[in-house]
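Engineer: Numbering (mature numbering (1 follows the signal peptide of the UniProt record, and there is no 0)), first residue to last: -24 to -1, 1 to 750.
The C-beta atom is built at its ideal place from N, Cα and C for all residues, glycine as well.
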Amino acid sequence: MKKNFYISALTSIGIGLYSQFSFANLQTQCLSSVPQFTGESNEGNLNELPIYIYANQAEAGSSYAKYSGNVEVQQGSRYLSAEQLEVVEQDSTQRVAFAPQGFRYSDHQIELKGKSAEVNLNNRNSSVSGASYHLVGRQGRGEAVSINSNSTERVMHNATFTSCLQNDDSWSIQASEIRQDIEGEYAEMWNARFKIYGVPVFYTPYLQLPIGDRRRSGLLIPKVGRSSRHGYYYAQPIYWNIAPNADFTFTPKFMSKRGWQFNGEARYLTKLGEGVIVSEYMHHDRLKNHLDDDFSRYLFYWKHNTSLSENWRLELDYTKVSDTAYFDDFQSEYGNSTDGYAVQYGKVAYHQPNYNIALSVKQFQVFGDVNEAPYRVIPQLDINYYKNNIANLVDFKVFAQATRFENKNPMMPRASRFHIEPALSLPLSNRYGSLNLETKLYATKYYQQSGNDPRAEQVKRSVSRVLPQVKVELQTSLTSPNTFISGYTQTLEPRIQYLYRPYKNQSAIGSSAATDYFGYDSSLLQQDYLALFSDRRYAGLDRIASANQATVGVTTRFYDGKGEERFNLSAGQIYYMKDARIDDSADNSSQGNSSSWSLESNWKLNDNIYWRGSLQYDTRLNEMSLANFALEYQVNNHNLVQLSYRYVNKNYIAQNLSRKTNGEAQDIKQLGIVTAWELNDYWSVVARHYQDLSLDRPLEQYLGLEYHTCCWAVNFGARRGVASRPNQRNNEIFYDRSFTINFELRGLSPSMHYNNIEKMLSSGKLPYLKTLAF
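Next up, the structure:
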């Protein structure tokens, strides 16, 4: 296993370093090979502009004119050349030009050449035979037995079309009739035969393709692949451009091991807001592990944001799945099993310069096995008021909240919580630093009800808690141009904070029998550098630990001669004058004389190499408790190699989360290597490997390879990742292996010369996280 891991790691790095040469942009190459309009743009009606005719010889009569020898005709941006041209005045208002011996025509939209042509010089209607054409300023060319054109459309008979460049017949479409809508930027084709290198591979009685940047209804490129759990699968997106501000994509997907899944995504932008509504549905899962299940499997997702007026805001973020294993079995853009839960949230808010009011509801759908269902917040009212610079001296703010907590578990208590939090601060500053004095009051009232089950724990009906707080914070910044590194300027930014809050026993809040002992909505915060200076160790309001502590931290920064920050390092620690408590026992997270040391660092070694890291050293355990780092070599957003590492000590897990986990804790050690590189203008590769060093097994492996040209692209993806399945034993390892292949037609839009590196990077359960030092 180790040997395979190191081979995979070296391969990933080798792929990334394979090519460091600069290649011309593919879009520039493709568009430079197509005709470009170089004349002057004309405003107004082209038909009203004068016509200029040049020729070696001319013969004119009362109603006709015949020109021969290097004939050139120009009207604004329109240009026509021929060996012979005859202009006939059919009546007093219509003039028609005939080119019987071949011609060339160009304007700002198309270049044509053919055997003969008939053009109405007044309205631009034309008829061409034996023609070949090329769109101007964009890819698109072909041939036709005849072409009839007017100001809004072109109709081609027995015609071909391709976006490939000249002398490239990678793909083409031959149809009995092609109608190009000039303003709508699309082409309709009847009796269309799709050819690859001249060989017909597909027939359809009707086909529609975009020939511009506008969205068009029709079939999108399908997705094909194979997975250990899905079998072979085929997904065919069908796009419906409902309106300029709304569209819908319907994607039926067949999986040989599971059956049919039907997916839909609707996007909209209206006066009432913007949003997306998604559904994924499978009537019955045929996978062996789910054959006995009698429920349908589905996902529903709705996200909406709106400004109801200048001051009102509405937010909706709702995700619901049929079962807690849904994201283990199906990969979706709208959720992931690593998230741990799906949120169902809605909020309406009113904003003013000095205050805001918000009414919200929230609940969670937790994935996996949990002992207690999370609390629903139905509803919650938040009020914030701010008033700064009172008497040119102090700032005042107050936060108030009223919340109702419900739980579907009849053993769990319910509660209404009313909280108010006024704060008064005195900010003082000068060029040497700043001093902030703040006093705050936490006043909370609970009205609790025991669960409906007769066995439910009896909770105290009414609980009150009043906690004053005092905080003093001092910051300064010292700058020295004469550091031990020549040519750099160093700053030293000490920060000291004292926090005091008396003890209040909070064991009567919530259920003491619950495994989640943090109350109704509280959770332990990770103690990174910035969190050291936070008022509280717990998110939410149910657990506010006592505090008599001083936090000391310092940040140093190095700037180069151009004033660009190249390196910073922050370190800090909390010193406890007295153990923090939330009930009769000490708070495990803050026992002892001091907290863990927290360090964070960012380093821009040069214009291409970045480092970001953080760690916590536990002074009580005398060992490192947490560590994260990433080292990245980056030429641009598409050319990078990243090495990352994540570590969590098993004693830290047991000490901080022992009441929330079952079983024996173990160290988390994860090493990841990610490579993304444009090997040249045509080839792109993404490779990643995440290894669990504690269990000596891969977590996820992925290799994506893409070949893209001016007119087509193919993308291959192979993934192997740890997954779960029903009734899986604790020591059992199950991997899901999948392979995908996607084809795309390129060049139909001027902006389609991109690669899919970002999409490949974001795929999988452990996607790449962009790391920039500054």
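Expressed to the nearest angstrom, what Euclidean distance is found between the alpha-carbon atoms of Ser53 and Asn134?
Structural biologist: In the sequence shown, the residue the question calls residue 53 occupies position 77. In the sequence shown, the residue the question calls residue 134 occupies position 158. The alpha-carbon atoms of Ser53 and Asn134 are separated by roughly 29 Å.
Engineer: Since Phe343 contacts Phe306 with CB under 8 Å, what's their CB separation in whole angstroms?
Structural biologist: Counting from 1 along the sequence shown, the entry for residue 343 is found at position 367. Counting from 1 along the sequence shown, the entry for residue 306 is found at position 330. Not a contact, Cβ separation roughly 13 Å.
Engineer: From Tyr28, Ile27, Gln51, Glu62, pick the residue whose C-alpha is nearest to that of Tyr43; which is it?
Structural biologist: Here residue 43 refers to the residue found at position 67 of the sequence shown. When only C-alpha atoms are compared, the closest one is Glu62.
Engineer: Leaving aside the five residues before and after Phe372 along the sequence, list all residues of the same chain whose C-beta is less than 7 Å from its C-beta, in chain order.
Structural biologist: The count along the sequence shown starts at 1 and reaches residue 372 at position 396. Only Lys363, Ile366, Leu400 meet the Cβ criterion.
Engineer: When the Cα of His614 is compared with those of Lys89, Gln525, Glu87, Val662, which residue comes out closest?
Structural biologist: Stepping through the sequence shown from its first residue, residue 614 is reached at position 638. Nearest C-alpha to His614: Val662.
Engineer: Count the other C-beta atoms from every protein chain shown that fall within 10 angstroms of the C-beta of Trp236, then say buried if there are 16 or more, exposed otherwise.
Structural biologist: For this step, residue 236 is matched to residue 260 along the sequence shown. The residue in question, Trp236, is exposed, as its Cβ has fewer than 16 Cβ neighbours within 10 Å.
Engineer: So, Ile197 versus Phe719, is the Cβ gap smaller than 8 Å?
Structural biologist: Mapped onto the sequence shown, residue 197 falls at position 221. Mapped onto the sequence shown, residue 719 falls at position 743. The answer is yes: Cβ separation under 8 Å.
Engineer: Is Gln51 closer than 8 Å to Ile158 when the C-beta atoms are compared?
Structural biologist: As a first step, residue 158 must be located in the sequence shown, where it is residue number 182. As a first step, residue 51 must be located in the sequence shown, where it is residue number 75. It is not a contact, given that the beta carbons lie outside the stated cut-off.
Engineer: Can the beta-carbon of Trp579 be found less than 8 Å from the beta-carbon of Trp573?
Structural biologist: Taking the first residue of the sequence shown as 1, we reach residue 579 at position 603. Taking the first residue of the sequence shown as 1, we reach residue 573 at position 597. Not in contact: Trp579 and Trp573 (Cβ atoms no closer than 8 Å).
Engineer: Could you check what DSSP says for Phe306 in three-state terms: helix, strand or coil?
Structural biologist: Here the question's residue 306 lines up with position 330 in the sequence shown. In the structure shown, Phe306 sits in coil (DSSP, three-state: anything other than H, G, I, E or B).
Engineer: I want to know whether the segment 508 to 526 touches the segment 473 to 485 - three or more CB-CB distances under 8 Å.
Structural biologist: The segment 508 to 526 vs the segment 473 to 485: in contact.
Engineer: Which one or two residues does DSSP pair with Gln60 in a beta bridge?
Structural biologist: As a first step, residue 60 must be located in the sequence shown, where it is residue number 84. Paired residues: Ser44.
Engineer: Check whether the Cβ atoms of Ile649 and Ser670 lie closer than 8 Å to each other.
Structural biologist: Translated into positions along the sequence shown, residue 649 becomes position 673. Translated into positions along the sequence shown, residue 670 becomes position 694. No. Outside cutoff.
Engineer: Please list the terminal residues of the continuous alpha helix (DSSP H) segment that includes Gln3.
Structural biologist: Walking along the sequence shown from the start, residue 3 turns up at place 27. 2 to 8 is the extent of the alpha helix (DSSP H) around Gln3.
Engineer: Which of the three DSSP states is assigned to Lys323 in this structure?
Structural biologist: Numbered from 1 along the sequence shown, position 347 holds the residue referred to as residue 323. Lys323: strand per DSSP, three-state reduction.
Engineer: Report, in whole angstroms, the separation of the C-beta atoms of Asn731 and His684, which I expect to be a contact under 8 Å.
Structural biologist: Translated into the one-based positions of the sequence shown, residue 731 becomes position 755. Translated into the one-based positions of the sequence shown, residue 684 becomes position 708. Indeed they touch by this definition, with Cβ atoms about 6 Å apart.
Engineer: Could you tell me the distance, in whole angstroms, from the CA atom of Ser522 to the CA atom of Arg557?
Structural biologist: To locate residue 522, count along the sequence shown from 1; it is residue 546. To locate residue 557, count along the sequence shown from 1; it is residue 581. When rounded, the distance between both Cα atoms is 5 Å.
Engineer: With a Cβ-Cβ cutoff of 8 Å, do Ser410 and Gln451 count as a contact?
Structural biologist: Here residue 410 corresponds to residue number 434 of the sequence shown, with the count starting at 1. Here residue 451 corresponds to residue number 475 of the sequence shown, with the count starting at 1. Yes, the Cβ-Cβ distance between Ser410 and Gln451 is below 8 Å.
Engineer: Tell me whether Asn265 sits in a helix, a strand or coil according to DSSP, three-state version.
Structural biologist: Working through the sequence shown from its first residue, we reach residue 265 at position 289. Residue state, collapsed to three classes: helix.
Engineer: Using a Cβ-Cβ cutoff of less than 6 Å, which residues in the same chain neighbour Ala242 once the five nearest sequence positions on both sides are dropped?
Structural biologist: Looking up residue 242 in the sequence shown gives position 266. The answer, listed in chain order, is Phe224, Ile253.
Engineer: Across which residues does DSSP place His684 in a beta bridge pair?
Structural biologist: As a first step, residue 684 is located in the sequence shown; it is residue number 708 there, counting from the start. DSSP, once it has assigned bridges, lists Ala689 as partnering His684.
Engineer: Once you ignore the five residues that flank Ala(-1) on each side, which residues in its own chain have a CB closer than 8 Å to its CB?
Structural biologist: Position 24 of the sequence shown, counted from the start, is the residue given in the question as residue -1. Confidence at Ala(-1) is low in this model, with a pLDDT of 46, below 50, so its placement is unreliable and the value that follows should be read with caution. Asp657.
Engineer: Can you tell me whether Leu411 is helix, strand or coil according to DSSP?
Structural biologist: In the sequence shown, the residue the question calls residue 411 occupies position 435. Note: Leu411 maps to strand in three-state DSSP.
Engineer: Within 10 angstroms of its Cβ, does His259 collect 16 or more other Cβ (buried), or is it exposed?
Structural biologist: Here residue 259 refers to the residue found at position 283 when the sequence shown is read from its first residue. Counting Cβ neighbours within 10 Å, His259 comes out exposed, since fewer than 16 surround it.
Engineer: If we call anything under 8 Å between Cβ atoms a contact, is Ile154 one with Met132?
Structural biologist: The residue you call residue 154 lines up with position 178 of the sequence shown. The residue you call residue 132 lines up with position 156 of the sequence shown. Closer than 8 Å, so yes.
Engineer: Just the C-alpha distance for Gln618 and Ile585, rounded to the nearest angstrom, thanks.
Structural biologist: Position 642 of the sequence shown holds residue 618. Position 609 of the sequence shown holds residue 585. One C-alpha to the other measures close to 10 Å.
Engineer: Tell me, please, which residues DSSP counts as bridged to His84.
Structural biologist: Here residue 84 refers to the residue found at position 108 when the sequence shown is read from its first residue. DSSP, once it has assigned bridges, lists no residue as partnering His84.
Engineer: Buried or exposed: where does Phe271 fall if 16 or more other Cβ atoms within 10 Å of its Cβ makes it buried?
Structural biologist: For this step, residue 271 is matched to residue 295 along the sequence shown. Answer is exposed; the Cβ neighbour count stays below 16.
Engineer: For Glu291, report the span of its beta strand (DSSP E) as first-last.
Structural biologist: For this step, residue 291 is matched to residue 315 along the sequence shown. That run of the beta strand (DSSP E) goes 288 to 297.
Engineer: Which of the three DSSP states, helix, strand or coil, is assigned to Phe509?
Structural biologist: The residue labelled residue 509 in the question sits at position 533 within the sequence shown. Note: Phe509 maps to helix in three-state DSSP.
Engineer: Run through DSSP, which three-state label would Asp223 get?
Structural biologist: Along the sequence shown, one-based indexing puts residue 223 at 247. Asp223: strand per DSSP, three-state reduction.
Engineer: Determine the direct distance from the alpha carbon of Leu545 to that of Gln115, and round the result to whole angstroms.
Structural biologist: Position 139 of the sequence shown, counted from the start, is the residue given in the question as residue 115. Position 569 of the sequence shown, counted from the start, is the residue given in the question as residue 545. Approximately 52 Å, taken between the alpha carbons.
Engineer: Counting only the same chain and skipping the five closest in sequence on each side, list residues whose C-beta sits under 6 Å from that of Val95.
Structural biologist: Walking along the sequence shown from the start, residue 95 turns up at place 119. Here the set comprises Ala73, Ser102.
Engineer: Which same chain residues end up closer than 7 Å to Ser308 when comparing Cβ atoms and leaving out the 5 residues on each side of it in sequence?
Structural biologist: One-based indexing of the sequence shown puts residue 308 at position 332. Excluding sequence neighbours, Ser308 sits near Glu256, Leu275.
Engineer: I need the straight-line Cα distance from Gln445 to Tyr711, nearest angstrom please.
Structural biologist: Locating residue 445 in the sequence shown gives position 469, where the first residue counts as 1. Locating residue 711 in the sequence shown gives position 735, where the first residue counts as 1. Taking the straight line from one Cα to the other gives about 52 Å.
Engineer: For Trp532, which of Pro228, Ser453, Leu357 has the nearest alpha-carbon?
Structural biologist: As a first step, residue 532 is located in the sequence shown; it is residue number 556 there, counting from the start. Checking the sequence, you will find Thr at residue 532 rather than Trp. Closest by alpha carbon: Ser453.
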